[in-house]
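Numbered according to full-length UniProt numbering, the sequence shown terminates at residue 874, and the numbering increases by one at each position without gaps. Below you'll find the structure, written out as structure tokens, and then a few comments.
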Amino acid sequence: PKRIFTFRQGNAEKTADAIAALGVKGANLALLASLDAPVPPGFTIATHAWREMKGAGGDLPQTLKADLRSSVEWLEGVTDRRFGGDKRPLLLAVRTSAGTSMPGLAESVLDVGLTDRTVDVVAEELNDCDFAYRSYRRFIESYASLVFDADLSEFEDLSDRERERAGWSTEPRNVSEWRMLIGRYHDFLERELGAVVPQTPLQQLVEVIQASFASWRSPMASSSRLIHAIPENAGLAVTVHGMIFNERNQKSGRGRAISRDLATGEALMTGEFALGGRIEAFHEAPETIDLSSLAENGDAPFPSIFADLAGHVRRIEAHVGDAVEVEFMVGDGALFLMQYRPARRNAPEAVRVAVELVSDGIIEPQDAILRIDPASLELLLHPTIDRTAELTVLAKGMGASPGAASGVIAFTSERTQAFAAEERPVILVRNETHPEDIHGMHVADGVLTIRGGTTSHAAVVARGIGRPCVTGAGSLRINAERGTLHAGGKVLKEGDMITIDGSSGEVILGEARLIRPSLAGDFATLMEFADAARRMRVRTNADTPDEARAARNFGAEGIGLCRTEHMFFEGDRIQTMREMILASDEFGRRRALDKLLPIQRSDFIELFEIMAGLPVTIRLLDPPLHEFLPKSESEIAETALTLDVDEAVVRHRIQALEEFNPMLGHRGCRLAISYPEIAEMQARAIFEAAIEAGERAGAAVVPEIMVPLVSLRRELDFLKARIDAVAARVMEERDRRIDYLVGTMIELPRAVVRADSIAEVAEFFSFGTNDLTQTVYGISRDDAGTFLSTYVREGILERDPFQTVDVEGVGELIALATEKARRTRPDISLGVCGEQGGDPASIAFFEETGLDYVSCSPFRVPIARLAAAQSAI
Ligand code: PEP
Ligand code: MG
């Protein structure tokens with residue numbers, strides 16, 4: 002097989018699978034050459050030659066040496082130079098070229114072909130003795146380091162000694178001083194290492210290639226392959242090309258050009274160029290680039306180079322179909338392109354560039370969709386911290402709800418509200434949050450908890466209302482008595498300013514500078530592309546009008562989960578709720594529920610109106626009742642007063658409702674079965690609201706009522722019968738027909754196993770992956786934070802299964818329930834409303850499983866839209 006592949010401007014010998022055969026640098030130069038870009042002519046010894054050589058025990062096989070000789074001859078022809086020639090000697094650069102970059106591979110060796118003899122020829126040709134000898138010295142150093150494993154600091158000592166002896170200051174002053182220094186190098190190598198730098202260029206080349214190939218087995222390269230799972234026999238290529246003297250004079254230099262202005266997406270070349278030790282940034286139409294400031298005598302050294310460069314860069318971008326960064330060199334006024342790669346960019350830049358590439362006709366919308374990391378959109382939706390400034394990190398927890406916020410520390414909801422009333426930005430800092438903290442969370446700019454994971458109460462609520470949140474910042478301590486927060490050696494008080502980064506989990510001292518997002522323009526265009534490409538629908542989890550509006554703004558196509566319990570913590574509703582819970586009999590409960598009915602009804606009307614005809618799924622009360630109970634002494638006293646009972650009675654009821662493990666206790670549909678009047682009140686509020694909202698809008702509203710935490714079909718039978726009865730009553734009272742759906746959440750393993758039977762009753766399923774993961778693993782979602790990170794660190798789990806669906810376990814169950822449900826009811830609507838509904842990797846699995854929609858926090862809606870599009874392509 003062909004071992005060596007040549008390239009020169011306008012022409013490159015082709016091979017299949019160029020990167021595997023030629024490595025990145027070799028494949029890059031070949032592509033640039035075939036695009037007619039000016040590259041230094043050269044050739045790449047392919048990876049299969051390396052494989053042959055491994056068998057031959059490290060020396061280049063004769064066959065390869067023969068190929069190498071003819072390639073060098075070819076290069077001599079192309080360049081009109083001779084390798085080791087007495088006139089116009091050919092000098093070469095030798096570079097290792099692997100398929101993936103890895104540390105430990107040989108560094109480039111430049112100026113191969115310089116000898117005691119050719120160095121003088123070069124000096125004469127360039128009329129620059131210092132340059133020629135400087136190059137020769139560098140060549141000997143890198144040759145000795147690579148081939149003889151010599152220690153470079155020895156050469157420094159040697160130079161220092163020679164300088165002192167001969168009396169020059171920075172480098173030798175004339176040919177004889179240079180020759181003396183080079184002579185010392187030779188003597189040293191021979192004396193200390195018994196080594197000689199060959200004076201035959203071809204032998205130099207062979208030795209350098211051999212040593213470059215051998216660097217594949219250096220300990221650093223080997224361990225890097227182990228870490229990154231790069232196969233041992235992937236192999237190394239070596240690229241050899243003509244030298245470019247980019248450091249030679251005022252008409253030489255090197256730089257980097259990017260095909261676009263990444264900040265605007267515009268096709269305006271930007272970059273930087275280094276000349277004579279100075280670096281100039283350029284960011285303008287190339288024709289107008291004026292490099293006169295770089296030239297010593299004030300004249301622009303090479304006016305046409307940037308126009309040429311811009312033309313090549315534009316062609317490469319069109320070929321690659323992406324914004325590119327190109328490395329270039331200028332040698333004595335001639336331009337050479339050395340390498341290109343996709344231009345690195347941050348999230349806003351990536352979106353702009355992708356959309357501009359589509360509008361410039363370079364790529365298709367599909368390519369733009371696939372090119373953006375959905376998770377990176379977070380950075381477009383939330384403020385981010387300006388990382389160019391100095392930051393003092395106090396602690397690191399989990400990034401539980403993205404975005405950054407600065408504010409003063411408040412340790413209670415009350416203090417948070419007080420600060421907010423003074424219009425001061427505020428961060429609520431708690432050990433963990435509870436439902437009654439919702440007031441505080443709503444007015445806080447950010448939430449920080451010391452305990453808890455990514456599906457803890459604080460995390461879920463904060464994501465819902467779009468507040469940045471850091472959870473599990475376990476190195477912090479709150480001293481409640483003193484009202485202080487301890488971070489390592491630092492003590493902060495209530496009212497002191499901190500900043501949290503809900504993406505990285507960092508807690509930062511003081512007020513950091515924030516960068517604000519924008520949703521219009523290119524972002525909106527990208528979302529249009531995504532919407533046209535996706536199959537799955539994207540709904541939102543929203544409990545309040547604010548959330549519902551935010552979600553619509555982000556493109557939600559309905560509400561997939563309204564957690565009605567959150568509605569009971571608004572204002573003084575909690576008192577009525579407590580009245581209901583603490584009532585001693587059904588009569589008392591119904592009296593309190595009658596007061597809650599109009600409140601719920603108006604909540605639902607507002608949600609229906611905001612969603613304007615889109616589906617709205619409302620879930621019946623889910624959490625254990627005790628969450629609503631008064632906790633502090635003053636709350637107990639206040640409740641006793643409003644209820645007109647003894648405090649002892651209140652305490653007694655609280656005790657009676659206490660559970661060891663409330664999350665696996667009296668919650669979800671179990672609560673509705675014990676107290677059907679609660680579910681009936683909610684159903685009535687939903688139906689009455691649907692009628693009213695429907696009348697106002699002049700179009701019917703079809704509510705979806707969702708029963709949580711079902712494990713038995715009979716639970717659903719029991720509740721559906723009551724919901725249907727309420728519907729019949731409301732229809733009769735109002736003399737109006739209502740269409741509605743009754744469905745259930747699938748969030749317990751038993752419900753999965755019995756999904757076929759449950760689907761006989763349920764008209765839709767929504768997978769509650771938070772509880773399903775909790776119950777499948779038997780891991781408490783509120784306590785997982787303390788040990789799951791260890792699991793991930795130790796590689797026992799690849800990821801937090803509460804964040805990304807565990808395909809093999811929980812995912813298998815979702816697929817099973819899907820299949821069973823469709824067998825019973827082929828047109829059943831299937832969605833996901835747990836946190837995973839907004840997680841791109843999970844969304845890919847849900848698409849594969851054929852679910853109809855995902856539902857996620859408002860701020861994750863755009864992420865889900867893009868991820869759904871990607872998984873459908
Ligand atoms: C779930 O369990 O996934 C779910 C959406 O319900 P919640 O988080 O309210 O328990
Ligand atoms: Mg649940």
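Cβ coordinates follow ideal geometry from the N, Cα and C atoms, glycine included. The structure presented is a predicted model; accordingly, all values stated were derived computationally and were not measured.
Which residues bound the alpha helix (DSSP H) around residue i?
{"i": "Q775", "result": "T770 to Y778"}
{"i": "Q211", "result": "P202 to A215"}
{"i": "F848", "result": "One detail in the question is off: residue 848 reads as Glu in this sequence, not Phe. Note, E848: alpha helix (DSSP H), P841 to T850."}
{"i": "V727", "result": "R714 to R735"}
{"i": "A641", "result": "E634 to L644"}
{"i": "Y134", "result": "C130 to V148"}
{"i": "residue 876", "result": "Outside the modelled stretch of the chain, which goes from 2 to 874, sits residue 876, for which no answer is possible."}
{"i": "K821", "result": "E813 to T825"}
{"i": "R866", "result": "V862 to A873"}
{"i": "N554", "result": "P546 to N554"}
Please report how far the alpha carbon of residue i lies from the alpha carbon of residue j, in whole angstroms.
{"i": "D604", "j": "G522", "result": "33 Å"}
{"i": "N29", "j": "N12", "result": "13 Å"}
{"i": "S136", "j": "D112", "result": "7 Å"}
{"i": "L867", "j": "V354", "result": "16 Å"}
{"i": "E208", "j": "A222", "result": "20 Å"}
{"i": "Q340", "j": "D497", "result": "51 Å"}
{"i": "E636", "j": "I582", "result": "15 Å"}
{"i": "A258", "j": "A390", "result": "27 Å"}
{"i": "P847", "j": "A543", "result": "Just to set this straight, residue 847 is Phe in the shown sequence, not Pro. Cα-Cα distance, rounded: 21 Å."}
{"i": "V492", "j": "D772", "result": "38 Å"}
{"i": "L515", "j": "T385", "result": "5 Å"}
{"i": "A22", "j": "N432", "result": "57 Å"}
{"i": "R468", "j": "D387", "result": "18 Å"}
{"i": "F555", "j": "F860", "result": "7 Å"}
{"i": "E423", "j": "R416", "result": "11 Å"}
{"i": "V356", "j": "S102", "result": "30 Å"}
{"i": "A318", "j": "A324", "result": "According to the sequence shown, residue 318 is Glu rather than Ala. Distance between the alpha carbons of E318 and A324: 6 Å."}
{"i": "D840", "j": "A376", "result": "8 Å"}
{"i": "M746", "j": "A411", "result": "36 Å"}
{"i": "residue 958", "j": "F44", "result": "There is no way to answer for residue 958, as the model of the chain reaches only from 2 to 874."}
{"i": "G299", "j": "A335", "result": "For G299, the predicted structure reports a pLDDT of 45, less than 50, and the residue's modelled location is therefore unreliable. A value from the coordinates is still provided. Cα to Cα, G299 sits roughly 19 Å from A335."}
{"i": "E126", "j": "G59", "result": "37 Å"}
Per DSSP, residue i is paired with what?
{"i": "T472", "result": "M399"}
{"i": "F6", "result": "T45"}
{"i": "A411", "result": "L429"}
{"i": "E764", "result": "For E764, which the question treats as bridged, DSSP gives no partner whatsoever."}
{"i": "R564", "result": "R620"}
{"i": "P704", "result": "V617"}
{"i": "Y854", "result": "R538 and G832"}
{"i": "G447", "result": "I428"}
For the beta strand (DSSP E) holding residue i, just list the boundary residues, first then last.
{"i": "P343", "result": "A335 to P343"}
{"i": "G96", "result": "According to the sequence displayed, residue 96 carries Arg and not Gly. That run of the beta strand (DSSP E) goes L93 to A99."}
{"i": "M330", "result": "V325 to G332"}
{"i": "E318", "result": "Looking at the DSSP string, E318 is not in any beta strand (DSSP E); the run it does join, the alpha helix (DSSP H), is I306 to V321."}
{"i": "H242", "result": "L237 to G243"}
Find the nearest neighbour of residue i within the set the options, judged by alpha-carbon distance.
{"i": "I619", "options": "T385, F688 and G589", "result": "F688"}
{"i": "V198", "options": "G168, W169 and S143", "result": "S143"}
{"i": "R342", "options": "L33, A760, S177 and S154", "result": "L33"}
{"i": "L520", "options": "D361, E495 and P349", "result": "P349"}
{"i": "A584", "options": "L644, D718, F156 and E172", "result": "L644"}
{"i": "L658", "options": "P624, A729, E639 and A691", "result": "P624"}
{"i": "I724", "options": "M707, E681 and D740", "result": "E681"}
{"i": "E172", "options": "R139, G398 and H187", "result": "R139"}
{"i": "Y134", "options": "P104, L91, I844 and R180", "result": "R180"}
{"i": "H320", "options": "V95, D37 and D532", "result": "D37"}
{"i": "A308", "options": "T271, L276, Q871 and G322", "result": "T271"}
{"i": "P62", "options": "A459, I46, E77 and T7", "result": "I46"}
{"i": "S160", "options": "H487, E273, S213 and F189", "result": "F189"}
{"i": "R261", "options": "T413, E233 and R315", "result": "R315"}
{"i": "H667", "options": "A698, F609, H627 and R654", "result": "H627"}
{"i": "E155", "options": "W169, R174 and R192", "result": "R192"}
### Task
Can you list the residues near the ligand MG, meaning Cβ strictly closer than 5 Å to any non-hydrogen atom, in the order they appear in the chain?
Spelled out in chain order, the answer is E748, G769 and D772.
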